[in-house]
Amino acid sequence: MKQHDTYIHFHELSKSWNGKTLLEQIDIELHGGDCLLITGENGSGKSTLLRIMAGLLKPDHALISTSRGTDNQHVNWHKRKKMLRQHIMYLHQTPYLFAGTVKKNLAYVKSELDINDAMQWADIETLADQQTYSLSGGEKQRVALARAWLKQPDILLLDEPTANLDQDSRQRTIELLCSLKTQGVAIVIASHDPLHFTQAVNKQMNLNNGKLCRPFPFTCEAQYK
Amino acid sequence: MESISATIIHALSLLLTGDAELWTIIGISFSISTTAILIAAGPAILCGFFLAYTEFPGRRLLISLFNTLLAVPAVVVGLTFYILLSRQGPLGDWKLLFTQTAMVLGQIALCFPLLVAMSHAAFQAVDKRAWETARTIGANPFQAFFMILREVRFGVFGALVAGYGRIIAEVGASMMLGGNILHYTRNIPTAIVLETSKGELAQGIALGMVLIVLSFILITTLHYLQGKGRVE
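Pasting the structure below:
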């Protein structure tokens with residue numbers, strides 16, 4: 001189980017591409033157990049933001065402070081890149097699973113936790129020896145979340161995690177996300193459809209014209225009912 | 001000259017009775033080509049990977065260059081290395097001309113572009129999410145490379161098979177760089193050329209049979225691997 005007092009703060013995060021500003025002075029602070037929903041139209045830069053946060057895409061500028069290590073000052077993204085890749089996990093809209101069995105995919109994750117426990121957690125024990133190319137979208141999503149459970153990242157970033165999933169798979173995905181959240185993993189979900197995540201989310205931001213509205217606490221039921 | 005059927009029977013008997021000279025030639029051929037492919041494989045696969053997964057100025061030019069080098073005839077590669085290694089050449093002091101090392105160098109130069117082009121194509125075909133996923137589940141760049149390599153193993157095996165097929169059967173570079181010296185640099189293709197020019201068809205046919213059987217094995221393996229790759 002993770003410590004709930006872990007935090008990470010992205011400050012002055014900016015990115016432009018071909019002269020167009022995609023992200024401008026973004027400020028995000030996350031604590032263990034947070035679940036932040038980032039909404040925005042298609043092409044608003046949600047995926048770009050997540051990829052920068054995961055250390056996979058270079059921003060023009062970003063400062064990061066974290067509870068990891070001794071240095072909690074705001075430090076340049078380049079110097080934090082390794083830390084970001086170690087402690088933040090990014091899940092693509094359609095998770096990529098390597099060729100081979102489900103068990104083999106979970107074995108790739110560097111973890112002290114047991115693969116069988118991960119499969120039990122994600123309810124994929126029956127799929128252990130199944131080849132990944134034969135899995136459905138929902139099953140792939142659960143395997144990807146089992147990898148996240150094994151890795152226990154500080155932050156789990158999900159890009160449209162319920163897109164193309166049926167009602168049942170969507171519900172199971174959200175339940176797994178809630179479970180990760182209670183374990184102290186901070187979760188960031190990028191989606192243009194906020195209604196799916198009311199059960200898990202406790203913060204919401206909207207990305208519009210490269211700017212992120214300040215986060216505000218909200219009660220999902222009150223917000224959407 | 002013997003009749004064709006008698007020549008073929010003679011060729012088979014040379015093969016089956018373990019003719020020492022014939023099997024020495026076969027041994028030299030396999031030894032040189034295997035050494036060349038083993039030396040070229042690692043750097044060429046890495047090169048293909050970097051061309052597929054990194055962005056740097058001149059990358060497209062480099063890809064075009066490797067694809068162009070695919071079409072360079074073996075004899076031109078042989079000529080280039082002959083000039084480099086000949087006594088008056090810039091590498092003449094190494095005294096490598098007409099040695100097995102020179103033949104290995106020539107064969108490396110021949111198979112390298114093919115290995116790069118084919119492994120680049122294989123890496124290029126892998127979903128870009130694979131690299132990001134590998135990194136995001138905790139793999140360092142070295143480990144992530146091997147995870148991706150596992151994804152493209154059939155394509156890369158295919159490249160190795162095709163590269164081996166190209167160099168074991170080439171005659172131009174081997175002839176120019178090896179000099180066709182009996183029991184030292186005479187390999188299957190150069191021996192076939194020599195024996196045929198002398199009118200000794202039996203040994204040429206026997207060696208040709210070896211190449212045909214080898215080609216069949218390599219192509220069948222390639223098709224099997226590509227089919228298996230498609231299924232996965």
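Heads up: the sequence lines are chains H and V, in that order.
Residue numbers for the first sequence follow UniProt numbering, so the first one is 1 and each next one is one higher.
Residue numbers for the second sequence follow UniProt numbering, so the first one is 1 and each next one is one higher.
Ideal placement from N, C-alpha and C gives every residue a C-beta, glycine not left out.
Residue range of the unbroken beta strand (DSSP E) whose run includes residue i
i, result
"Phe10 of chain H", "Tyr7 to Trp17"
"Asn187 of chain V", "Element bounds for Asn187 of chain V: n/a, residue is neither H nor E."
Boundaries of the alpha helix (DSSP H) in which residue i is found, first to last residue
i, result
"Leu117 of chain H", "As written in the sequence, residue 117 of chain H is Asp, which differs from the Leu given in the question. Per DSSP, Asp117 of chain H belongs to the alpha helix (DSSP H) from Ile115 to Ala122."
"residue 226 of chain H", "Nothing about residue 226 of chain H can be reported from this structure: the residues present for chain H run from 1 to 225 only."
"His10 of chain V", "Ile4 to Leu16"
"Val156 of chain V", "Arg153 to Ile168"
"Lys46 of chain H", "Lys46 to Met53"
"Glu132 of chain V", "Arg129 to Thr136"
"Ala173 of chain V", "Gly172 to Gly178"
One or two residues paired with residue i in a DSSP bridge
i, result
"Thr39 of chain H", "H:Asn206"
"Asn76 of chain H", "H:Leu63"
"Ile45 of chain V", "None; Ile45 of chain V has no bridge partner."
"Ile88 of chain H", "H:Ile155"
"Leu212 of chain H", "H:Leu207"
"Thr101 of chain H", "H:Gln131"
Nearest-angstrom Cβ-Cβ length linking residue i and residue j, presumed shorter than 8 Å
i, j, result
"Asp154 of chain H", "Gly32 of chain H", "7 Å"
"Leu49 of chain H", "Leu23 of chain H", "6 Å"
"Lys203 of chain H", "Asp34 of chain H", "6 Å"
"Leu176 of chain H", "Leu145 of chain H", "5 Å"
"Ile52 of chain H", "Lys79 of chain H", "The Cβ separation is near 14 Å, so there is no contact."
"Thr101 of chain H", "Ala122 of chain H", "With a Cβ gap of about 15 Å, Thr101 of chain H and Ala122 of chain H do not count as contacting."
"Gly42 of chain V", "Ala102 of chain V", "Contact doesn't hold; Cβ gap of about 21 Å is too wide."
Beta carbon proximity, residue i to chain B, threshold 8 Å
i, result
"Arg68 of chain H", "Included in the structure are the protein chains H and V, with no chain B among them."
Open item on the list: Which runs of the beta strand (DSSP E) at least 3 residues long sit entirely within the segment 126-189 of chain H? Give them in chain order.
Closed with: Runs of the beta strand (DSSP E) inside the segment 126-189 of chain H: 155-159.
Open item on the list: Pairs of beta-carbons, one from the segment 78-86 of chain V and one from the segment 53-65 of chain V, closer than 8 Å: are there three or more?
Closed with: Per the Cβ contact rule, the segment 78-86 of chain V is not in contact with the segment 53-65 of chain V (fewer than 3 Cβ pairs under 8 Å).
TODO: Mind the definition here: the segment 149-168 of chain H touches the segment 106-123 of chain H only if three or more C-beta pairs lie below 8 Å; say whether that holds.
DONE: Touching, yes, given that three or more Cβ pairs across the two stretches are closer than 8 Å.
Task: Stretch pair the segment 153-171 of chain V + the segment 171-182 of chain H: three plus CB contacts closer than 8 Å - done: Contact between the segment 153-171 of chain V and the segment 171-182 of chain H is absent, because fewer than three Cβ pairs lie under 8 Å.
Open item on the list: For the structure I just gave you, are there three or more beta carbon pairs, one from the segment 114-130 of chain V and one from the segment 95-108 of chain H, closer than 8 Å?
Closed with: At 8 Å Cβ cutoff, the stretches touch.
Open item on the list: Please give me, in chain order, every unbroken run of the alpha helix (DSSP H) with length at least 4 that falls completely inside the segment 66-109 of chain V.
Closed with: As far as the segment 66-109 of chain V is concerned, its whole alpha helix (DSSP H) runs of at least 4 residues are 74-85.
TODO: Decide if the segment 154-167 of chain H is in contact with the segment 127-145 of chain H; the criterion is three or more beta carbon pairs, one per stretch, under 8 Å apart.
DONE: A contact exists between the segment 154-167 of chain H and the segment 127-145 of chain H.
Task: Any 3 or more C-beta pairs closer than 8 Å across the segment 185-193 of chain V and the segment 43-55 of chain V - done: With the cut-off at 8 Å, the segment 185-193 of chain V and the segment 43-55 of chain V do not touch.
Open item on the list: I want to know whether the segment 113-121 of chain V touches the segment 194-212 of chain V - three or more CB-CB distances under 8 Å.
Closed with: Remark: fewer than three beta-carbon pairs, one from each stretch, lie closer than 8 Å, so the segment 113-121 of chain V and the segment 194-212 of chain V are not flagged as touching.
TODO: Would you check if there are 3 or more beta carbon pairs closer than 8 Å linking the segment 178-191 of chain H to the segment 10-27 of chain H?
DONE: Result no; under three Cβ-Cβ pairs closer than 8 Å.
TODO: Say whether the segment 163-171 of chain V touches the segment 105-114 of chain V, bearing in mind that this needs 3 or more beta-carbon pairs closer than 8 Å, one atom from each stretch.
DONE: Taking 8 Å as the limit for Cβ pairs, the verdict is that the segment 105-114 of chain V does touch the segment 163-171 of chain V.
TODO: Evaluate the contact criterion for the segment 199-213 of chain V versus the segment 4-17 of chain V: three or more CB pairs, one atom per stretch, below 8 Å.
DONE: Below 8 Å, enough C-beta pairs join the segment 199-213 of chain V and the segment 4-17 of chain V to call them touching: three or more.
Open item on the list: Would you call the segment 54-70 of chain H in contact with the segment 5-14 of chain H, where contact means no fewer than 3 C-beta pairs closer than 8 Å?
Closed with: Enough Cβ pairs lie closer than 8 Å, so yes.
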